[in-house]
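See below for the structure under consideration.
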Amino acid sequence: YDTVQSLKEQISQRINVPIDKFTLKRGGKQGIELKDLTKTLQGSSFVNLSTVYVEYGQPTKLGEFRLVLSLAKRLAEPQDKELFEFEDLGEVYISNDDRPQDIVDQVIEKLAKKGYEVKPNQIRIRERHNERLGRIYRKRTMKTQGVYDKSCLLYTSPSPRDRQKSRMPSSA
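Written as structure tokens, this is what we have:
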């Protein structure tokens, strides 16, 4: 295989799935998606015995990121006050230059399909680490905040600084 494109074509033939219906990631499930199909394998940092992970789904384009969104809900009686349960909301595709507030309309639409009524000021975009919340994504572009295809979440429960009133939709 000379290029990522030729590798992807070979994999497509072997698994009998169209090339535009799966992604390739270098290094495993949490790896980096290989978006530039014109690059050589060496130019994509492949070495002997490198791992390629094949994942069904729409490939992202150069300059685009895929975020996997979840709704975080604080556990009713948590052993650990930082543990949450999560409801899958699906994926959104954003560009390098999008900011967290640019994603909000897509998130509200996904929530409405699940029966939630949430206002834009009730939404925080945060990183998800298993059952815990990670950092909050602020006003800067997602790329400058180090976001690449990640599991992110929308957080509508009270923050540690705002525990007096719940931001969780009443239907949740």
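186 is the number of the first residue of the sequence shown in my numbering; add one for each residue after it. Note that CB positions come from ideal geometry on N, CA and C, so glycine has one too. It should be emphasised that the depicted structure is a prediction, and the values quoted were computed from it without experimental measurement.
Residue i in three-state terms, based on DSSP
i: Gly242; result: coil
i: Ser255; result: strand
i: Ile204; result: helix
First and last residue of the uninterrupted beta strand (DSSP E) at residue i
i: Leu209; result: 207–211
i: Thr273; result: According to the sequence shown, residue 273 is Asp rather than Thr. That run of the beta strand (DSSP E) goes 269–280.
i: Ile196; result: No beta strand (DSSP E) contains Ile196, which is instead part of the alpha helix (DSSP H) from 189–200.
i: Gly248; result: Looking at the DSSP string, Gly248 is not in any beta strand (DSSP E), and its letter there is neither H nor E.
i: Leu318; result: 317–321
i: Glu312; result: 309–314
Expected contact under 8 angstroms - CB spacing of residue i and residue j to nearest Å
i: Asp290; j: Met327; result: About 15 angstroms separates the two Cβ atoms, so there is no contact after all.
i: Leu260; j: Glu276; result: In fact, because the Cβ distance is near 25 angstroms, the residues do not count as touching under 8 angstroms.
i: Ile310; j: Ile288; result: 6 angstroms
Boundaries of the alpha helix (DSSP H) in which residue i is found, first to last residue
i: Leu296; result: 285–298
Bridge partners - residue i, DSSP secondary structure assignment
i: Thr225; result: Thr188
Residue i beta carbon near the ligand GDP (any heavy atom closer than 7 angstroms)
i: Ser229; result: Absence of the ligand GDP is noted for the structure shown, with no ligands found whatsoever.
Next item on the list: Evaluate the contact criterion for the stretch 219–226 versus the stretch 187–200: three or more CB pairs, one atom per stretch, below 8 angstroms.
Entry: yes
Note to self: Count Cβ pairs between the stretch 205–215 and the stretch 231–249 that sit closer than 8 angstroms; are there 3 or more?
What the structure shows: yes
Next item on the list: Take every Cβ of the stretch 226–233, pair it with every Cβ of the stretch 246–255, and state whether three or more of those distances are shorter than 8 angstroms.
Entry: no
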